[in-house]
Each structure stands twice: as structure tokens, then as C-alpha cells.
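Peer 1: Here it is: the structure, laid out below.
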Amino acid sequence: MTDLNNIFKLIDNSRNNIIDLLLKLIRFDTSNPPGYTTEIVEYIREFYDGIGFRSRIIEGFRGKPNLIVDNNIDGDTLFIYNGHMDVVPATSIDKWVCEPFKGCISEGFVYGRGAADMKSSLATIMYASKAIVESGYSFKRRIEFHFVADEEVGGLYGTKYLVEKGFVKGRYGLVGEGSVRNNVIYIRPAVRGGVWVKIKSYGRPGHASNPKSGVNAVLNMARVLDYIDREFKLDKLYSHQILPPPSISPGTMIKGGVKENVIPDYCESTSDIRIVPGMGPDTVLNHINSLISELKMVYPEINTELELVKSIAPAEIPLDSPIIKLVSNAVYEVSGYKPDFLGGTGCNDATYLINDAGVEAISGFGPGDGALGNMHGINERVSIDILVKFTKIYASTLIKVDSLDG
Ligand SMILES: [Zn+2]
268 MTDLNNIFKL IDNSRNNIID LLLKLIRFDT SNPPGYTTEI VEYIREFYDG IGFRSRIIEG
328 FRGKPNLIVD NNIDGDTLFI YNGHMDVVPA TSIDKWVCEP FKGCISEGFV YGRGAADMKS
388 SLATIMYASK AIVESGYSFK RRIEFHFVAD EEVGGLYGTK YLVEKGFVKG RYGLVGEGSV
448 RNNVIYIRPA VRGGVWVKIK SYGRPGHASN PKSGVNAVLN MARVLDYIDR EFKLDKLYSH
508 QILPPPSISP GTMIKGGVKE NVIPDYCEST SDIRIVPGMG PDTVLNHINS LISELKMVYP
568 EINTELELVK SIAPAEIPLD SPIIKLVSNA VYEVSGYKPD FLGGTGCNDA TYLINDAGVE
628 AISGFGPGDG ALGNMHGINE RVSIDILVKF TKIYASTLIK VDSLDG
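The opening position of the sequence shown corresponds to residue 268 in the working numbering, with each subsequent residue numbered one higher.
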């Protein structure tokens, strides 16, 4: 344990360096869209060069490279850290305490776009790596760090691309998405999936001055969306011990009609449905179809077709996984309590690691605070206290992983 105590001391003495590192990362405007990462990749690569780690740049889309770093050890990869470098765009800039892509420190927080989601995780894992090297510790097992692009728009050229091209091979892993709520640290062992469904409503055109001369596709769409919202039952039919139940947001997009005085003969909308393990796109399509059939008994002229726009599978790992025990111990050492499990509402890159690459990965374990952090909002921020704690927790995690079986 002396190694770890040394490392913790180094980290305590580096509070300002950790903050500076985070501010540097915030200053790369990686807003997605467009989500360019060339410059931040260069910076992270140089940082790891400086501590003797190797790196490779994998670019799936011009201007959106990913960076894979390893600890200079060959052989099978035991552990993969995954963190995304892109952020959502900043809006209402005049309401921020400081410029979102400049960042600042105020009352114990670092502010800036990405402070919570999730450049704080990148800064803390980077600094944890550096503190370990500076302490003189030498790794025995191969560990990789995947700094990825494109997460905020679904991961197509980020984690998904790396998995498809065979770059993601490892036994255990963790995605550094925020797992803090009101300064309390949790572990997210699962993520919900998402299903996006297009509903097409067909009618018959007519003169709008004579409503009976046609069938109004927009009006029927309104009935359908309202009905599937009120009668949605998947949240009663499916549940999960940690994740929130399935949910639906009907009509996230809609279009229809051609002219003010023409009864519209076509309308289409999309709906966003979130699912838990045990469900797939068919579960959702069948349910919506059966709801629309019920509604047709009342409005026989409703004529619809469903189309699956896209779907992301839910993902989970066993709650007694060695990687969960390990990070739980790391939290205990640093914070004095064993973390509970937390289920987030969104999807993230963990789905590709777990479902497609077979990595036993924690879906979310990082310093971002879902309650205090204003993720994706105005004045996004991270607590400096949590930032320093997580640097220690990540350092301890990496050291513990290094002596894991498997
Ligand atoms: Zn994120």
C-alpha cells in the first residue's frame, strides 16, 4: 500500500495542476456538431508521450480522430478506460459565469463546457496515470486508454468505429461518464438503450373548407401520438433493478401538410423510446402497433406505417463483476464509503464495449455530477474536491487492475 499512499500524496500536492489540466482540455472547442478532435488528440498524445506511454491515432472521419494510449506493455489488454473528448455546443453564453470554452474557477468549482461531461474524467485519468509513473510504480499488465470522438452524436466515428475495426479488445473496462450525484459517488453498472421510431400517417387530400372531403393525416397523427403517450405500457411490463423503467417521448419531430387550405394527406413523426435489458426494437414496434390498432377501433380512417429509424441496445454487466468490486474498494479508500449503484436515463458508448466488443465494462464511473454539474446546460461545472478525489480513485483503480486475475 505504500505505493498508493505515495501516489495519493503526489495527487494532493498537485491540486492546481489537475485544475490546469482540466482547463486546458476545456479550451479545445470540441463542440459536436461538428466535433473536431485533432487538436485535443495532439495535446493528450503529447501528455502521454511525456510519461512514456505509447499512442496511436485512429481516424474514422476526417477531423475526428480517436486516440488509443497504452502503458507500453505488450500482450492481451486487461483493462480499457474509455472517455469521450467531444462536448455538446454551448448556448445562452451571456448567462455563463465565464466563457464556456475558456473556463474559470469559482467557489470550489471549475466551470466550462465539458467540465462535467466529461473532460473532468479525461483530466483525472490523465493525471492519475502521471502520478503513478512519477511515484516510480511500474505496471505489469497492459492497460489502454481510449480517448474517443463523436459520443455526443451516437459514437459512429468514435467507440463504435474502434469496435468495428477491431481496436477494442480487453477483459475489463470502464466508461468515465459521470457517476456522482450531489457530491456522492456511485457506480453505473448498466445503461438503457434507445429506439427511434418513425410513424407515417396517410390520409386523403381535400379542400380544407370542406373537412369531410378528405382524411386529415396530421390530425390522425395527433391522435396517434397522444394515444401512445397515454397508453404506453412497456414501463409496466419491463423493469430493471437499477435502471429507470422504459419511457417514451412521442413526437420528438413532426412534419406534414403542404398548404394552409389543403387537407394534408401525409404526416410523419418520430418518437424516442428508451428500453432496459430484455427488450429490443421489436418489443417497441409491436407495442406501438398494437396501441395504434386499438385506436383504429375508434378512428377507422387512421392509416399508419411504422419504420425503425435506429436503435441502440441496452447493456449491463453482472453486479458482482470483479471490476465493480475493485472500483468500489477504490472509492472506499478515498471517500470512506462503499458506493451504491445508480441508473442513468441516457445511453452511452458502454453499449458498444459491452455488447459488441465483449468487454466487461462499467457504464459510468467518473467525476461528473448529474445533479450539481449542469451537464449539457448553462454553467456546466465540476467540484474541485471531487476532481481531486477521482484522480486518486482512478489511480487506485489502475493499480488494483494491474494485479487482477484474468
Ligand atoms: Zn458524456
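Cβ coordinates follow ideal geometry from the N, Cα and C atoms, glycine included. Remember, it's a predicted structure, so these values are computed and weren't measured experimentally.
Confirm the yes/no value for this check: CB of Glu418, any heavy atom of ligand 1, distance under 7 angstroms.
Peer 2: Yes, the beta carbon of Glu418 sits closer than 7 angstroms to at least one heavy atom of ligand 1.
Peer 1: Thinking Thr297 and Gly460 are a contact (beta carbons under 8 angstroms), I'd like their distance in whole angstroms, please.
Peer 2: Not a contact, Cβ separation roughly 25 angstroms.
Peer 1: Nearest CA to the CA of Lys500: which residue from Val491, Pro513 and Leu492?
Peer 2: Pro513
Peer 1: Whole angstroms is fine: what's the gap from Leu492's alpha carbon to Ile452's?
Peer 2: 38 angstroms
Peer 1: For the 8 angstroms Cβ check, are there 3 or more pairs between the stretch 428-435 and the stretch 505-524?
Peer 2: no
Peer 1: For ligand 1, is there a heavy atom less than 7 angstroms away from the beta-carbon of Met385?
Peer 2: yes
Peer 1: Who pairs with Arg329 in a beta bridge, going by DSSP?
Peer 2: Answer by DSSP bridge pairing: none, since Arg329 is not bridged.
Peer 1: Counting only the same chain and skipping the five closest in sequence on each side, list residues whose C-beta sits under 8 angstroms from that of Glu419.
Peer 2: Asn299, Gly302, His351, Asp353, Val354 and Val355
Peer 1: If you draw a straight line from the C-alpha of Asp672 to the C-alpha of Tyr439, how long is it?
Peer 2: 11 angstroms
Peer 1: Near Leu423, what residues of its chain come up, given a Cβ to Cβ distance below 7 angstroms and the 5 sequence neighbours on each side ignored?
Peer 2: Asp417
Peer 1: Hey, Arg455 and Ile660: beta-carbon distance below 8 angstroms or not?
Peer 2: No; because the gap between Cβ atoms is not below 8 angstroms, this pair is not in contact.
Peer 1: Compute the beta-carbon to beta-carbon distance between Lys465 and Glu309, rounded to the nearest angstrom, for a pair I have assumed lies under 8 angstroms.
Peer 2: Actually they do not touch by this definition, with Cβ atoms about 40 angstroms apart.
Peer 1: Figure out for me which residue from Asp636, Lys479, Thr304 and Lys656 has the closest Cα to the Cα of Arg282.
Peer 2: Lys656
Peer 1: So Ala582 and Asn641 are in contact, right, with Cβ under 8 angstroms, and what is the actual spacing, rounded?
Peer 2: Rounded, the Cβ-Cβ distance is 26 angstroms, inconsistent with contact.
Peer 1: With a CB to CB cut of under 6 angstroms and the five nearest residues on each side skipped, what residues in its chain are close to Ile509?
Peer 2: Cβ within range, chain order: Ala457, Phe608 and Gly610.
Peer 1: Tell me the rounded alpha-carbon separation between Ile286 and Thr426.
Peer 2: 27 angstroms
Peer 1: With a CB to CB cut of under 7 angstroms and the five nearest residues on each side skipped, what residues in its chain are close to Phe434?
Peer 2: Taking C-beta separations shorter than 7 angstroms and ignoring five residues to either side along the sequence, the partners of Phe434 in its chain run Ile325 and Ile335, following chain order.
Peer 1: On the DSSP letters alone, give me the boundaries of the alpha helix (DSSP H) that Phe368 sits inside.
Peer 2: Per DSSP, Phe368 is not a residue of any alpha helix (DSSP H), being assigned neither H nor E.
Peer 1: Could you pull the start and end residues of the alpha helix (DSSP H) that Ser560 belongs to?
Peer 2: Pro548 to Val565
Peer 1: Where does Gly518 sit, in a helix, a strand or coil, going by DSSP?
Peer 2: strand
Peer 1: At a cut of 8 angstroms, does the stretch 558-569 reach the stretch 525-535 through at least three beta carbon pairs?
Peer 2: no
Peer 1: Taking the alpha helix (DSSP H) that Val576 belongs to, which residues open and close that run?
Peer 2: Under the DSSP assignment, Val576 falls outside any alpha helix (DSSP H), being part of the beta strand (DSSP E) whose first and last residues are Thr571 to Ile579.
Peer 1: Give the secondary structure of Ala662 by DSSP, where H, G and I count as helix, E and B as strand, and everything else as coil.
Peer 2: In this structure, DSSP gives Ala662 a helical state, which the three-state scheme calls helix.
Peer 1: Helix, strand or coil: which one does DSSP assign to Ser396?
Peer 2: helix
Peer 1: With C-beta atoms as the reference, is Ser506 less than 8 angstroms away from Val551?
Peer 2: Contact flag unset, no.
Peer 1: List the whole-angstrom C-beta distance separating Ile653 from Asp636, where the pair is believed to meet the contact cut-off of C-beta under 8 angstroms.
Peer 2: 7 angstroms
Peer 1: Do Asp669 and Phe328 have their C-beta atoms closer together than 8 angstroms?
Peer 2: Cβ distance not < 8 angstroms, so Asp669 and Phe328 don't count as in contact.
Peer 1: Just list the residues that DSSP pairs Asn349 with in beta bridges.
Peer 2: His413 and Val442
Peer 1: Looking at the unbroken beta strand (DSSP E) that takes in Val649, where does it start and where does it end?
Peer 2: Arg648 to Ser650
Peer 1: Taking 7 angstroms as the cut-off, is the CB of Glu647 close to at least one heavy atom of ligand 1?
Peer 2: no
Peer 1: Which residues bound the beta strand (DSSP E) around Lys467?
Peer 2: Residues Gly460 to Tyr469.
Peer 1: Do Ile360 and Glu411 have their C-beta atoms within less than 8 angstroms of each other?
Peer 2: no
Peer 1: Identify, in the order they occur along the chain, each residue of the same chain with its Cβ nearer than 8 angstroms to the Cβ of Val271, setting aside the five sequence neighbours on each side.
Peer 2: It should be noted that the sequence gives Leu, not Val, for residue 271. So the list reads Glu600, Ala662, Ser663 and Ile666, once near-sequence residues are dropped.
Peer 1: Which first and last residues belong to the beta strand (DSSP E) in which Glu627 is found?
Peer 2: That run of the beta strand (DSSP E) goes Glu627 to Ile629.
Peer 1: Going by DSSP, which residues form a beta bridge with Ile542?
Peer 2: Gly460
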